[in-house]
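Enquirer: Got a structure for you, questions after.
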Amino acid sequence: MNALLALPVALPLLAAALATVLYRSRPAQRVVAVAAVAASLGCAVALLVRVEADGVQSVQAGAWPAPIGITLVADLFSALMLVVSLATVLAVLVFAIGQPGVDRDQPVFHPVYLVLTAGVAQSLVTGDLFNLFVAYEVTLAASYVLITLGGARHQIRSGMTYVIINLVASTLFVIAIGWVYAATGTVNMADLAAKVGALPDGVRTALGLFLLLVFGIKAAIFPLFFWLPDSYPTARTPVTAVFAGLLTKVGVYSIVRTQTLLFPEHRPSTVLLVLAGLTMVVGVLGAIAQNDMKRILSFHIVSQIGYMILGLGLFTVAGVAGAVLFILHQIPVKTALFLTTGMVEESAGSTALDRVGGLIRRNPLAAWMFFLAAMSLAGIPPLSGFVGKFALVSAGIGAKEHLIVGVSLFVSLLTLFSMTKIWNGVFWGTAEDPALRLRSSPPGERLRTPVLMNVATVGLVLLTVAIGVFGGPLHELSVRAAQDLLEPTAYVAEVLGR
Amino acid sequence: MSVVPAAIVAGLVGLGVYLLLQRTLTRIVIGVAMLGHAANLLLLVAGGPPGRQPIVGRFTDADRAAGAVADPLPQALALTAIVISFGITAFLLALAYRSWVLHRDDEVEDDVEDRRIARLGERELGTLARWWRRR
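Chains A and B supply the protein sequences, listed in that same order.
For the first sequence, the numbering used here assigns the number 735 to the last residue and increments by one with no breaks.
For the second sequence, the numbering used here assigns the number 153 to the last residue and increments by one with no breaks.
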């Protein structure tokens with residue numbers, strides 16, 4: 238038995254129940270939430286160490302043997318994802334506690350946030366297609382509540398779009414599971430990997446494309462992304478931050494997992510590469526047109542998803558390793574960018590580029606944290622984005638896919654351009670809207686943000702810097718993870734006990 | 019596999035998609051429910067032909083191999099999916115009610131910021147067109 242696998246899911250769920258009981262006392266809820274997420278993070282780190290040393294770990298829920306019961310399984314990719322995701326979840330939780338008004342009047346915030354954490358952890362460690370659906374639903378049900386928390390008019394409007402799109406995606410997921418089960422007689426991923434090879438090519442392609450469609454909606458890849466920039470910016474900033482960092486990446490994780498395990502191609506997939514290119518270009522162009530920090534960053538979520546799909550689409554060890562490294566870099570960076578947005582919002586009162594200005598003198602910490610994260614996003618060396626993009630670009634050149642490499646570099650340039658746009662609008666110049674707090678306070682005075690918000694943001698930015706600094710060892714880990722993904726023999730053997 | 023359940027699934031999906039494309043939230047909720055029913059029925063159909071007994075314990079392995087026992091797994095999956103869609107439908111109804119409380123209407127509105135930016139684009143195009151005519 239390997240309890241380390243179950244604890245990152247079980248601890249937040251138990252804590253959610255406890256936090257619900259403690260709904261009268263915000264401090265007690267905070268202690269419970271932080272303790273549970275920190276403990277889960279500890280388990281995830283221990284799990285990573287173990288997987289790194291001993292290979293794939295698995296546990297059968299209720300000791301039912303593999304193809305019948307629910308399997309929890311962690312290979313290097315899931316363990317790495319779990320550690321980075323839970324660290325990000327912890328940072329955002331601390332930020333949310335620090336930001337005034339996020340959890341104060343909302344007794345449900347902490348329980349729901351913990352359920353979200355459990356859902357994300359479960360979707361990363363599950364080895365069962367239907368259990369993945371359940372994990373998604375747990376995550377999404379929590380996210381529905383978080384995105385409409387407060388029930389303001391614009392939240393209800395965009396929340397509806399979000400809920401309905403995700404409901405449709407979930408229904409398609411159930412249909413996909415039905416088809417997979419009808420075709421193969423199993424929903425256990427390791428068992429599927431062994432059985433899917435016997436299917437006729439047409440059936441296999443149909444299943445692969447249908448699963449790509451389902452996860453594509455969750456991950457917001459090119460033709461299926463329109464819901465994201467509309468709904469994400471309307472939630473409270475910590476909520477947007479955790480969604481931006483985790484939810485789409487869990488979708489990408491599922492795409493990588495299912496496409497490599499069930500439908501191994503071992504040659505560049507034109508469909509994925511075309512989708513990757515379009516996702517990058519359309520996302521970044523959308524970002525350039527926007528005029529609000531949150532909305533610009535939301536479009537960048539879409540754009541960066543393209544890079545991950547690019548790495549997967551190459552279907553080489555180097556390509557998938559690049560994708561793994563890029564996902565690991567994106568989770569903290571994207572979240573850190575939204576946390577700095579929260580600091581801007583808190584100190585200036587708005588995130589609209591044409592209303593705010595001159596924050597570099599008024600809140601230098603927010604400015605420099607944004608600078609580091611933004612440069613990392615654009616891929617400026619020596620930050621983490623450079624490491625990830627370098628791995629992807631060299632993999633692309635290695636696979637002789639020069640067109641998509643060119644597109645990705647051009648999109649990097651546009652990313653830098655739109656980060657500069659935010660910098661010019663928010664941190665340089667002067668504030669143009671006299672109604673803002675920025676103007677009503679005396680000009681020389683520093684606009685301070687609460688300590689916990691600063692601590693969380695700085696911590697997350699340091700994590701992204703660390704990913705850049707330890708780029709070499711992390712890339713080696715990613716290469717090993719990619720080898721396991723493309724040759725899942727160890728994974729299948731561990732789960733099925735053969 | 020018989021055609022009837024497949025046809026019912028197809029009909030439910032068609033109905034669900036049609037209702038989803040409406041603008042009022044109550045119709046969308048019914049549409050989502052239809053889609054959910056279709057998915058659950060599909061799960062059941064995936065379990066094999068109808069008419070077999072669902073209990074595992076009373077049969078020998080030989081019976082099971084001969085297909086005398088219905089596969090219990092899709093039924094368990096369908097039950098889980100039903101419970102989930104029940105919860106989410108309740109949440110959607112709460113959203114619809116909130117929307118009705120806020121503006122006495124359950125129509126889903128457009129993205130305001132998006133329309134503002136689209137207008138900006140139109141204005142720029144207009145300027146360009148005027149400049150072109152003047153030449």
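In this text, a Cβ means the ideal position worked out from N, Cα and C, and glycines have one as well.
Predicted model, so just to flag it, every value in this text is computed and none were measured.
#1: Just reading off the alpha helix (DSSP H) that residue 527/A is part of, what are its end residues?
#2: What separation, rounded to the nearest whole angstrom, lies between the Cα atoms of residue 558/A and residue 633/A?
#3: Rounded to whole angstroms, how far is the Cβ of residue 445/A from the Cβ of residue 499/A, which I believe are closer than 8 Å?
#4: Check distances from the C-beta atoms of the stretch 568-593 of chain A to those of chain B and list, in chain order, the residues that come in under 8 Å.
#5: Can you list, in chain order, the residues of its chain with a C-beta nearer than 7 Å to that of residue 583/A? Leave out the 5 residues immediately preceding and following it.
#6: Can you name, in chain order, every residue of its own chain whose Cβ lies under 6 Å from the Cβ of residue 244/A, other than the five neighbours on each side?
#7: Relative to the alpha-carbon of residue 505/A, which residue among 546/A, 473/A, 528/A has its alpha-carbon at the smallest distance?
#8: Three or more C-beta pairs under 8 Å: does that hold for the stretch 609-622 of chain A against the stretch 656-666 of chain A?
#9: Round the Cβ separation of residue 426/A and residue 364/A to the nearest angstrom and send it over; I've been treating them as touching at under 8 Å.
#10: Work out the CA separation of residue 641/A and residue 407/A for me, nearest whole Å.
#11: Are the C-beta atoms of residue 415/A and some chain B residue less than 7 Å apart?
#12: Is residue 104/B close to chain A, meaning its C-beta is less than 7 Å from at least one C-beta of that chain?
#13: Spell out a yes or no on whether the stretch 101-111 of chain B and the stretch 40-48 of chain B are touching, meaning 3 or more CB-CB pairs, one atom from each, closer than 8 Å.
#14: Which residues in chain B sit within 7 Å of residue 404/A, going by Cβ to Cβ distance?
#15: Under a Cβ-count criterion, where at least 16 other Cβ atoms within 10 Å of its own Cβ denotes burial, should residue 305/A be classed as buried or exposed?
#16: I think residue 648/A touches residue 561/A, with their Cβ atoms under 8 Å apart; what is that distance to the nearest whole Å?
#17: With a threshold of 7 Å between beta-carbons, can residue 488/A be considered close to chain B, or not?
#18: For residue 405/A, count neighbouring Cβ atoms within 10 angstroms of its own Cβ and tell me buried if that reaches 16, exposed if not.
#19: Within 10 angstroms of the Cβ of residue 701/A, are there 16 or more other Cβ atoms? Answer buried if so, exposed if not.
#20: Is residue 53/B close to chain A, meaning its C-beta is less than 7 Å from at least one C-beta of that chain?
#21: Please identify the residue among 26/B, 91/B, 52/B whose C-alpha is closest to the C-alpha of residue 37/B.
#22: Going by Cα to Cα distance, which pick from 324/A, 340/A, 329/A, 284/A is closest to residue 264/A?
#23: Under the three-state reduction of DSSP, which class applies to residue 238/A: helix, strand or coil?
#24: Which residues, in order along the stretch 382-398 of chain A, keep a beta-carbon less than 8 Å from a beta-carbon of chain B?
#25: Hey, is the stretch 453-471 of chain A in contact with the stretch 386-399 of chain A, meaning 3+ C-beta pairs nearer than 8 Å?
#26: Using a Cβ distance threshold of 8 Å, determine whether the stretch 571-589 of chain A contacts the stretch 511-527 of chain A, with at least three qualifying pairs required.
#27: Could you check whether the Cβ of residue 689/A sits closer than 7 Å to any Cβ belonging to chain B?
#28: Output yes or no for whether 7 Å exceeds the beta carbon distance between residue 486/A and residue 384/A.
#29: Thinking just about the alpha-carbon of each residue, which of 473/A, 242/A, 260/A is nearest to the one in residue 282/A?
#30: Give the DSSP-derived three-state secondary structure of residue 289/A in the structure shown.
#31: Would you grab the beta carbon distance between residue 400/A and residue 381/A for me? Rounded to a whole angstrom, and I think it's under 8 Å.
#32: Would you mind listing the alpha helix (DSSP H) stretches within the stretch 675-719 of chain A that are 4+ residues and don't spill past its ends, in chain order?
#33: Identify every residue that forms a DSSP beta bridge with residue 297/A.
#34: Does the Cβ-Cβ distance between residue 451/A and residue 409/A come in under 7 Å?
#35: In angstroms, rounded to a whole number, what distance separates the CA positions of residue 555/A and residue 331/A?
#36: Please name the residue or residues paired with residue 363/A in a DSSP beta bridge.
Expert: Let me spell this out:
#1: Against the first sequence, residue 527/A aligns to sequence position 290. Premise fails: residue 527/A is in no alpha helix (DSSP H) and is neither H nor E.
#2: If you number the first sequence from 1, residue 558/A lands on position 321. If you number the first sequence from 1, residue 633/A lands on position 396. Roughly 12 Å between the two C-alpha positions.
#3: Position 208 of the first sequence holds residue 445/A. Position 262 of the first sequence holds residue 499/A. The Cβ separation is near 7 Å, so the contact holds.
#4: none
#5: On the first sequence, residue 583/A is found 346 positions in, with the first residue counted as 1. Cβ neighbours of residue 583/A beyond the five flanking positions: 336, 686, 690.
#6: For the purposes of this step, residue 244/A is taken as residue 7 along the first sequence, with counting starting at 1. Here the set comprises 280.
#7: Along the first sequence, one-based indexing puts residue 505/A at 268. Of the candidates 546/A, 473/A, 528/A, the one whose C-alpha sits nearest the C-alpha of residue 505/A is 546/A.
#8: yes
#9: Along the first sequence, read from residue 1 onward, the residue named residue 426/A stands at position 189. Along the first sequence, read from residue 1 onward, the residue named residue 364/A stands at position 127. Confirmed, about 5 Å.
#10: Here residue 407/A refers to the residue found at position 170 when the first sequence is read from its first residue. Here residue 641/A refers to the residue found at position 404 when the first sequence is read from its first residue. Straight-line Cα distance between these residues: approximately 31 Å.
#11: For this step, residue 415/A is matched to residue 178 along the first sequence. Yes, its Cβ sits closer than 7 Å to a Cβ of chain B.
#12: Along the second sequence, one-based indexing puts residue 104/B at 86. By this cut-off, residue 104/B is not an interface position.
#13: yes
#14: Working through the first sequence from its first residue, we reach residue 404/A at position 167. In chain order: 50, 106.
#15: In the first sequence, counting from the first residue as 1, residue 305/A sits at position 68. Exposed is the call here.
#16: On the first sequence, position 411 is the one that residue 648/A refers to. On the first sequence, position 324 is the one that residue 561/A refers to. Wrong, their Cβ atoms sit about 20 Å apart, outside the cutoff.
#17: Position 251 of the first sequence, counted from the first residue, corresponds to residue 488/A. Not one chain B Cβ lies under 7 Å of residue 488/A.
#18: Start at 1 with the first residue of the first sequence, and residue 405/A comes out as number 168. It counts as buried.
#19: Within the first sequence, residue 701/A is the residue found at index 464, counting from 1. Looking at its Cβ environment, which holds 16 or more other Cβ atoms inside 10 Å, residue 701/A is buried.
#20: Position 35 of the second sequence, counted from the first residue, corresponds to residue 53/B. Chain A contact via Cβ: present.
#21: Here residue 37/B refers to the residue found at position 19 of the second sequence. The shortest C-alpha separation from residue 37/B is found at 52/B.
#22: Working through the first sequence from its first residue, we reach residue 264/A at position 27. Measuring from the Cα of residue 264/A, the nearest candidate turns out to be 340/A.
#23: Here residue 238/A refers to the residue found at position 1 of the first sequence. Low per-residue confidence applies at residue 238/A: pLDDT is 49, beneath 50, and the placement is therefore not dependable enough to give any value.
#24: 382, 385, 388, 390, 391, 393, 394, 395, 396, 397, 398
#25: yes
#26: no
#27: The residue you call residue 689/A lines up with position 452 of the first sequence. Not closer than 7 Å to any Cβ of chain B, the Cβ of residue 689/A fails to qualify, so no.
#28: Mapped onto the first sequence, residue 486/A falls at position 249. Mapped onto the first sequence, residue 384/A falls at position 147. No; because the gap between Cβ atoms is not below 7 Å, this pair is not in contact.
#29: Taking the first residue of the first sequence as 1, we reach residue 282/A at position 45. Of the listed residues, the one whose Cα sits closest to residue 282/A is 242/A.
#30: Along the first sequence, one-based indexing puts residue 289/A at 52. Residue 289/A: helix per DSSP, three-state reduction.
#31: Here the question's residue 400/A lines up with position 163 in the first sequence. Here the question's residue 381/A lines up with position 144 in the first sequence. 5 Å between Cβ atoms; contact.
#32: 688-706
#33: Locating residue 297/A in the first sequence gives position 60, counting from the first residue. DSSP output for residue 297/A lists 308/A as bridge partner(s).
#34: Your numbering for residue 451/A matches position 214 in the first sequence. Your numbering for residue 409/A matches position 172 in the first sequence. Cβ distance < 7 Å, so residue 451/A and residue 409/A count as in contact.
#35: Reading the first sequence from its first residue, position 318 is the one you call residue 555/A. Reading the first sequence from its first residue, position 94 is the one you call residue 331/A. Those two C-alpha atoms are separated by around 36 Å.
#36: In the first sequence, the residue the question calls residue 363/A occupies position 126. Residue 363/A is bridged to 309/A.
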